[in-house]
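Student:
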Amino acid sequence: MLKMNSIKVLPVLLLFILTACGQSDEFGQPQLTPEQVSLGFFEAIYVDRDVEKAKKFVAPDIQEIMDHYHIASAVQRHVLGLSMKQVTMSIDEIDIDFFRKFTDDVTVIVKMQGLKGGRNWIDDRTIRLHKQGNTWVIVEILPEKGRIEG
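If you count by mature numbering (1 follows the signal peptide of the UniProt record, and there is no 0), then the sequence shown holds residues -24 to -1, 1 to 126, one letter each, in order.
Below is the structure:
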């Protein structure tokens, strides 16, 4: 009898533990990791082509610059210095480890693959994020160091 009750309680206990581990903001939305913020920003610009959607991932000074350019293709060209289509992306590198709870600044390199001028192209962009409260925001798009042609 005891064995049967513990089998019924175990899934409920596991569900409770899993939901308690996830952090969320004051509105009940799950906190995004630096990786998720980075990919969300680049997906909004290169895949969804939605500047308004991308603005939620960046600091106010970058939002102002993006407002100036209005459309995703202009942000690609003038803010990121890389116009591409049919883009897929992944996190190439992040300078954060297990102790991310104790740091407020991280640098992320996002690797992008797609078409540039009709040719296959592989490139990356480095961004710096800062933790403001419980939220990570992009505070700087670092100058391009080099490119990788595909």
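Quick reminder that beta carbons are idealized off the backbone N, C-alpha and C, glycines included.
1. Using the three-state DSSP reduction, which class does residue 56 fall into: helix, strand or coil?
2. If I follow the unbroken beta strand (DSSP E) through residue 43, where does it start and stop?
3. For the segment 47 to 58 against the segment 76 to 86, are there 3 or more C-beta pairs whose distance is under 8 Å?
4. Determine which residues share a DSSP beta bridge with residue 82 and list them.
5. Leaving out five residues on either side along the sequence, give the residues of the same chain with a beta carbon under 8 Å from the beta carbon of residue 41.
6. Ends of the alpha helix (DSSP H) at residue 7?
7. What's the call for residue 100, buried or exposed, on a 16-neighbour Cβ count within 10 Å?
8. Helix, strand or coil: which one does DSSP assign to residue 15?
9. Specify the secondary structure class of residue 29 as computed by DSSP and reduced to three states.
10. Does the distance from the C-beta atom of residue 67 to that of residue 114 stay below 9 Å?
11. I'd like the list of long-range same chain contacts for residue 18, defined as Cβ closer than 6 Å, with 5 residues on each side in sequence excluded.
12. Any idea what DSSP makes of residue 23, helix, strand or coil?
13. When the Cα atoms are used, what is the spatial distance from residue 93 to residue 22?
Tutor: This is what the structure gives:
1. Here residue 56 corresponds to residue number 80 of the sequence shown, with the count starting at 1. It is coil, neither helix nor strand.
2. The residue you call residue 43 lines up with position 67 of the sequence shown. Note, residue 43: premise wrong, no beta strand (DSSP E); alpha helix (DSSP H) at 36 to 45.
3. With the cut-off at 8 Å, the segment 47 to 58 and the segment 76 to 86 do not touch.
4. Reading the sequence shown from its first residue, position 106 is the one you call residue 82. As computed with DSSP, residue 82 is found in a beta bridge with 105.
5. Position 65 of the sequence shown, counted from the first residue, corresponds to residue 41. Here the set comprises 55.
6. Translated into the one-based positions of the sequence shown, residue 7 becomes position 31. Here residue 7 belongs to no alpha helix (DSSP H), and DSSP marks it neither H nor E.
7. Counting from one through the sequence shown, the residue named residue 100 turns up at place 124. Buried is the call here.
8. Taking the first residue of the sequence shown as position 1, residue 15 is located at position 39. In the three-state scheme derived from DSSP, where H, G and I count as helix and E and B as strand, residue 15 is classed as helix.
9. On the sequence shown, residue 29 is found 53 positions in, with the first residue counted as 1. Looking at residue 29 - three-state DSSP - the assignment turns out to be helix.
10. Within the sequence shown, the letter at position 91 stands for residue 67. Within the sequence shown, the letter at position 138 stands for residue 114. No, the Cβ-Cβ distance between residue 67 and residue 114 is not below 9 Å.
11. To locate residue 18, count along the sequence shown from 1; it is residue 42. Contacts found: 65, 86.
12. Counting from one through the sequence shown, the residue named residue 23 turns up at place 47. Coil, per DSSP.
13. What you label residue 93 is simply residue 117 of the sequence shown in a count that begins at 1. What you label residue 22 is simply residue 46 of the sequence shown in a count that begins at 1. The alpha-carbon separation between residue 93 and residue 22 amounts to approximately 15 Å.
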